[in-house]
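Chemist: Take this structure first; my questions come after.
Here it is as structure tokens:
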């Protein structure tokens, strides 16, 4: 599974509509309205690398109100659960 994090700049008067339209696209798993340099962050999850371009250039960038995107490809995921497991390796609860 390939995960891409897409920062989206949207027209100020249509952020909610852009978020809803992007959330409905195939390949987009989540969309967040955020504070900061971007207006929205979309999480794209696809099976093949070529699909990243299809979803972002072929779908997200064509949504009315999308001004610009900045895409980051995830290499590895770290979750709280994974980190807790990593830190507990080699420790004995019997103390």
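Numbering (my numbering), first residue to last: 222 to 316.
For glycine and all other residues, C-beta sits at the position ideal for the given N, C-alpha and C.
Since the model is a prediction, treat every value here as computed from it, not as a measurement.
Between which two residues does the beta strand (DSSP E) harbouring residue 225 extend?
Modeler: Residue numbering aside, residue 225 sits at position 4 when the chain shown is read from its first letter. Segment 223–231, the beta strand (DSSP E) holding residue 225.
Chemist: Using a 10 Å radius around the Cβ and a threshold of 16 neighbouring Cβ atoms, would you call residue 291 buried or exposed?
Modeler: Here residue 291 is taken as the residue at index 70 of the chain shown, counted from 1. Residue 291 comes out exposed.
Chemist: Tell me the DSSP secondary structure of residue 317 in three-state form.
Modeler: No answer is possible for residue 317: it lies beyond the span of the chain, which begins at 222 and ends at 316.
Chemist: Please list, in chain order, all residues of the same chain as residue 231 whose beta carbon is under 8 Å from its beta carbon, the five residues on each side excluded.
Modeler: Position 10 of the chain shown, counting from 1, holds the residue named residue 231. For residue 231, where only same-chain residues beyond five positions count, the Cβ hits under 8 Å are 239, 240, 260, 261, 286, 287 and 288.
Chemist: For residue 294, which residues of its own chain have a beta-carbon under 6 Å away from its beta-carbon, when the five flanking residues on both sides are left out?
Modeler: Taking the first residue of the chain shown as position 1, residue 294 is located at position 73. So the qualifying residues of the chain are 225.
Chemist: On the premise that residue 276 lies in contact with residue 265, defined as a C-beta separation below 8 Å, what is that separation, rounded to the nearest angstrom?
Modeler: As a working mapping, residue 265 is identified with position 44 in the chain shown. As a working mapping, residue 276 is identified with position 55 in the chain shown. Confirmed, about 5 Å.
Chemist: For residue 279, count neighbouring Cβ atoms within 10 angstroms of its own Cβ and tell me buried if that reaches 16, exposed if not.
Modeler: Stepping through the chain shown from its first residue, residue 279 is reached at position 58. Label assigned to residue 279: exposed.
Chemist: Using a Cβ-Cβ cutoff of less than 6 Å, which residues in the same chain neighbour residue 253 once the five nearest sequence positions on both sides are dropped?
Modeler: Along the chain shown, one-based indexing puts residue 253 at 32. Hits under 6 Å: 262.
Chemist: Determine, using beta carbons only, whether residue 244 and residue 251 come nearer to each other than 9 Å.
Modeler: Here residue 244 is taken as the residue at index 23 of the chain shown, counted from 1. Here residue 251 is taken as the residue at index 30 of the chain shown, counted from 1. When the beta-carbon positions are compared, residue 244 and residue 251 come within less than 9 Å of each other.
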